[in-house]
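Undergrad: Chains as they are written, first to last, in our numbering: chain D, 12 to 488; chain B, 12 to 488.
Each residue gets a CB set at the ideal place from its N, CA and C atoms; glycine is no exception.
Fair warning: this is a prediction, and the values are worked out from it, not measured in the lab.
Got a structure for you, questions after.
Protein chains: 2
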Amino acid sequence: MAEETGALPSRSDFSAWYNEVIRRADIMDVRYPVKGLYVWYPFGFALRNHTYTLLRSLLNRDHEETLFPLLIPETEFMKEAEHIKGFEDEVYWVTHGGLSPLDVKLALRPTSETAIYPMYALWVRSHADLPLKLYQVVNTFRYETKHTRPLIRLREITSFMESHTVHTDWDDANKQVEYELGLASEFYRELGVPIIISRRPDWDKFPGADFTMAIDAVMPDGRTLQIGTVHHLGDHFSTTYNITYEDVNGEQKLASQTCFGISERCIAAIIAVHGDDKGLVLPATVAPTQVVIIPIIVGKRGEEIMAAVEKLESELKAAGLRVKTDARDMRPGAKYYHWELHGVPLRVELGPRDLDNSQLVCANRLGIKTTIPRENAAESVKRLLDEAHDQILDKAEEHLSSHLKTVTTVEACNEMLEENIVVVHWCGEKACADKLEELTNSSLLGTGVRSKYVVDDDGPCIICGKAGKTALVGRSY
Amino acid sequence: MAEETGALPSRSDFSAWYNEVIRRADIMDVRYPVKGLYVWYPFGFALRNHTYTLLRSLLNRDHEETLFPLLIPETEFMKEAEHIKGFEDEVYWVTHGGLSPLDVKLALRPTSETAIYPMYALWVRSHADLPLKLYQVVNTFRYETKHTRPLIRLREITSFMESHTVHTDWDDANKQVEYELGLASEFYRELGVPIIISRRPDWDKFPGADFTMAIDAVMPDGRTLQIGTVHHLGDHFSTTYNITYEDVNGEQKLASQTCFGISERCIAAIIAVHGDDKGLVLPATVAPTQVVIIPIIVGKRGEEIMAAVEKLESELKAAGLRVKTDARDMRPGAKYYHWELHGVPLRVELGPRDLDNSQLVCANRLGIKTTIPRENAAESVKRLLDEAHDQILDKAEEHLSSHLKTVTTVEACNEMLEENIVVVHWCGEKACADKLEELTNSSLLGTGVRSKYVVDDDGPCIICGKAGKTALVGRSY
């Protein structure tokens, strides 16, 4: 929590920059004595809370929040063969309670299908119980053997939102998939984070799903970060866990299901997408402090200025803004440095000249300065925050669009992948994808791409030349 | 989630009543396939969220929220000898990650001292860093071998608020103990739950504490439920984990610490203390629905009434109230039953006569009916909710005061313990407490009792007759 000065590593070395910002901007402490487990600093946790409050408010339109146990008995966990196969290397097992071995081993949930669906089997009786749409925000666990990284690859995912819905049939579940994708799009728009949606190839879908739609963001170095998934589960799990209902004609039918997850990678995306060489750049929608007021004390008018600052603070707070005044006895420049590092969207300065001219000097986090009249300050400040949000979204969109490159040869693909996501055509055969991935050290992210910067069309497969469709290729975190 | 009718078990059989209310009022499902782990229904979880939002708002006055990992390495966990001895029978151990045994076993936190304090040792450097006051709301785990019960004795405590503070010296930490007790008292006053505070005897204090202050509520059957604890940790843990700071004179000093916990037993207290033979009785401060509007449709004025109901609902919502309209096509009586079972503090009826007379008929959950003018309805409704809160608090206070019995003989103690908490005098010797506990099948809860119904004074020990002090004796959940 001690403040450090000196320049941050350049964004061009993204990993170094990210690790340093996470630390200096009080997001997480990486010194916890277990690999892959991190401690949230209060500032980071406040950012986390505002972000999940936003996500909850979107979900609460048609879902209800609930909470299921962390521990899943091995007997339930092992029921869905495909699912367990997908997770068996990653599950933490509790084997002892006190000094005694347990009769049945307990898994720490890596995700909660096998905890929730046995209960859904009890809860779903009739078509009148459907659709059922619940979600929870929980800690989940993966025994990651790869390189771990705060918010991105953790052994304890501290903030996993998982939604689990049940429907009368496949089509209704499919509508829900679209609904959840819309919800995720709205969420990320509020965070100013542009996304690309695509359908993961079959070998990369969620274990036990009919198909997986994934949401990717692009990092400063052109690598992708998967920041959300929506899975159409069909009736795989409802078959295994016997989730059936009586339809209008009195017949027993198998239900169809979806699940949808967003983890604290959404915070990683906020940090990585918007940040700059001065530190965090937070969207006002989730910034723990939206406005910082800096009194500029020169000469003898200190008291007068502090009274004006207090009045301004309470006015802005009354308008629902999250405001702090930094009245510490230090140079304004050092204060600017501190609040810029922490990404505060708007700084408001109030000094003698502003007092005399009934004005306020505002600087947003992108460095754009505006002088506003003191009268109706709350209204002007809100407008400036909205404008700042548009500016960071524009900047992020520009970054994304300039890092999408369409290629037709493996050579060009390889070259472009150094700093970009690459758009190719692909015939749909796994053999061709395998070959492309091997030749370019990348992943075929998906098809059916939804992005205003990518045309989803037909073309010859980049490997075999047969008829193909648009596909995304990238290197992923 | 299916509604059931028929009378609840009588409150005189508290256990039966409690289990049935938990189920029928959609608080928790006990059918999860692991003993001692339960599933929150959405309604119960909404109650949980409002309750913890209240608790957080009180804590946020001078604490900051944070989040530490669930998993604690055995090496850290084992450092504080007294502490581990207190928990060794209750800790769940993770021994495997995927298919491989772990090098260092990981404990699921039963409480977080051993996770947090190694980090505090890194964070606390100077007197300027103190006091440090953080809290988290997390799931914790105890391998309970006793009879488990939803919200009261669980293997996964899903909602444990734990505060951990660090101070320059013992006295400052002691002030914090008093502050936390005041905070807990305010919290329970907002829940309408009367409490008794006492200092636990030395053999019953938190493992590693200088002393433990406990907060008890009294259940309908006169048994006690511990619903909060504040521990003065002195420098036990700061010695073990090396939490030191440089004082104003540049000398290294050991810090002094406190911790403070409130679990989901606070929800159990709400349910148990206020409930009646019709079901839950919720305080408006945390009720997921504070007001339910029931349209009374008779004759041909259905549309007119529904329009008036909609207008009323939006008016009440605009005033910040949590309101639902129950427009289902069923008898009003069945609706009353449903909302009474779920503890909604106020029911507002709106029928043709009310429309004609510009009035609303209100019934609070204790059955008290009031007719209010339609004009300024929100204001009247808020007043009725405040009155209802006073009424449930009064009722609960009366229950508590009438279940506190002062005795001077072991025989009387035994008799009174059947339905009460008992006030005795005790000399302070463990031998006398052991004897009393054995003869009465009870626990000596504590001394230094703080309650307006108990006089803390001197008197002869109930066992040995020597000079003693007031002590509480009870049977506990």
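Could you check the C-alpha separation between G17/B and K289/B for me, to the nearest Å?
TA: Straight-line Cα distance between these residues: approximately 10 Å.
Undergrad: Go to K416/D, then tell me how far its beta strand (DSSP E) extends in each direction, as first and last residue.
TA: Unbroken beta strand (DSSP E) run through K416/D: 415-417.
Undergrad: Do we get a CB-CB distance below 8 Å when we pair W350/B with the residues of chain D?
TA: Taking Cβ atoms only, chain D never reaches closer than 8 Å to W350/B, which makes this a no.
Undergrad: Quick one, are the C-beta atoms of Y488/D and S412/D less than 8 Å apart?
TA: For Y488/D and S412/D, no; Cβs fall outside 8 Å.
Undergrad: Could you tell me the distance, in whole angstroms, from the CA atom of P53/D to the CA atom of A139/B?
TA: Approximately 17 Å between the Cα atoms of the pair.
Undergrad: Could you tell me which whole beta strand (DSSP E) segments of length 3 or greater appear in the segment 312-389 of chain B?
TA: Complete beta strand (DSSP E) runs here, min 3: 334-336, 357-361, 370-375, 380-384.
Undergrad: Which chain B residues are close to R42/D, counting only those with a beta carbon under 9 Å from its beta carbon?
TA: Simply P129, M130, L133.
Undergrad: Taking E75/D as the query, report the chain B residues whose CB atoms sit under 7 Å from its CB, ordered along the chain.
TA: Simply P53.
Undergrad: Return the first residue and the last residue of the alpha helix (DSSP H) that D445/D is part of.
TA: Element bounds for D445/D: 441-451.
Undergrad: Report the rounded CA-to-CA distance for A442/D versus K480/D, giving the unit in angstroms.
TA: Their Cα atoms are separated by approximately 15 Å.
Undergrad: With DSSP collapsed to three states, give me the class of M12/D.
TA: Since pLDDT at M12/D reaches only 46, below the 50 mark, its modelled position is unreliable, and the value read off the structure follows with that caveat. In the structure shown, M12/D sits in coil (DSSP, three-state: anything other than H, G, I, E or B).
Undergrad: So which residues on chain D does D100/B lean against when the C-beta distance must stay under 8 Å?
TA: Neighbours of D100/B on chain D, chain order: G109, L110.
Undergrad: What first and last residue would you give for the alpha helix (DSSP H) that runs through D182/B?
TA: It spans 181-201 - the alpha helix (DSSP H) in which D182/B sits, taken as one unbroken run.
Undergrad: What is the DSSP secondary structure of V392/B, reduced to helix, strand or coil?
TA: In the structure shown, V392/B sits in a helix (DSSP, three-state: H, G or I).
Undergrad: Output yes or no for whether 8 Å exceeds the beta carbon distance between L371/B and E315/B.
TA: No; because the gap between Cβ atoms is not below 8 Å, this pair is not in contact.
Undergrad: For G239/D, list the residues DSSP reports as bridge partners.
TA: Answer by DSSP bridge pairing, in chain order: I226/D.
Undergrad: Do the CB positions of M172/D and Y146/D come within less than 8 Å of each other?
TA: Result yes, Cβ atoms of M172/D and Y146/D sit closer than 8 Å.
Undergrad: In the DSSP assignment, what are the bridge partners of Q263/B?
TA: Answer by DSSP bridge pairing, in chain order: E257/B.
Undergrad: Determine, using beta carbons only, whether L192/B and I208/B come nearer to each other than 8 Å.
TA: Contact flag set, yes.
Undergrad: Please list the terminal residues of the continuous beta strand (DSSP E) segment that includes K480/B.
TA: Note, K480/B: beta strand (DSSP E), 478-485.
Undergrad: Put G108/B into one of helix, strand or coil per three-state DSSP.
TA: Three-state result, G108/B: strand.
Undergrad: Alpha carbon to alpha carbon, how far is L110/D from T417/D? Give it in angstroms, no decimals.
TA: So the two alpha carbons sit approximately 60 Å from each other.
Undergrad: Name, please, each residue of chain C whose Cβ falls closer than 7 Å to the Cβ of F222/B.
TA: Included in the structure are the protein chains D and B, with no chain C among them.
Undergrad: Excluding sequence positions up to five away, which residues of its chain have a Cβ less than 7 Å from the Cβ of I308/D?
TA: Counting only Cβ-Cβ distances below 7 Å, and skipping sequence neighbours, we find I316.
Undergrad: Beta-carbon of W28/D versus every beta-carbon of chain B: anything under 8 Å?
TA: Cβ-Cβ to chain B under 8 Å: no for W28/D.
Undergrad: Please classify K214/D as buried or exposed, where buried requires at least 16 other C-beta atoms within 10 Å of its C-beta.
TA: Checking the displayed sequence, the identity of residue 214/D turns out to be Trp instead of Lys. Counting Cβ neighbours within 10 Å, W214/D comes out exposed, since fewer than 16 surround it.
Undergrad: Between V45/B and chain D, is there a C-beta pair that is closer than 8 Å?
TA: It does; some Cβ of chain D falls within 8 Å.
Undergrad: Is A126/D helix, strand or coil when you go by DSSP?
TA: Three-state DSSP puts A126/D in a helix.
Undergrad: Residues bridged to F271/B by DSSP?
TA: Bridge partners of F271/B: S174/B, V241/B.
Undergrad: I need the straight-line Cα distance from D304/D to S325/D, nearest angstrom please.
TA: Per the sequence presented here, residue 304/D reads as Ile, with Asp not at that position. Each residue's alpha carbon lies about 11 Å from the other.
Undergrad: With a threshold of 8 Å between beta-carbons, can L48/B be considered close to chain D, or not?
TA: Yes, because at least one Cβ of chain D sits closer than 8 Å to the Cβ of L48/B.
Undergrad: Using the Cα positions of T296/D and G203/D, report the straight-line distance between them to the nearest angstrom.
TA: So the alpha carbons of these two residues sit roughly 9 Å apart.
Undergrad: Put L162/B into one of helix, strand or coil per three-state DSSP.
TA: Residue state, collapsed to three classes: coil.
Undergrad: Which whole-angstrom value is the C-beta distance of A482/B and V421/B, which I expect to be below 8 Å?
TA: With 8 Å as the limit, A482/B and V421/B do not qualify as a contact, their Cβ atoms being about 14 Å apart.
Undergrad: Can you tell me whether DSSP reads V32/B as helix, strand or coil?
TA: Three-state result, V32/B: helix.
Undergrad: Check the C-beta distance from P294/D over to I403/D and give it rounded, since I have them as a contact under 8 Å.
TA: Rounded, the Cβ-Cβ distance is 6 Å, consistent with contact.
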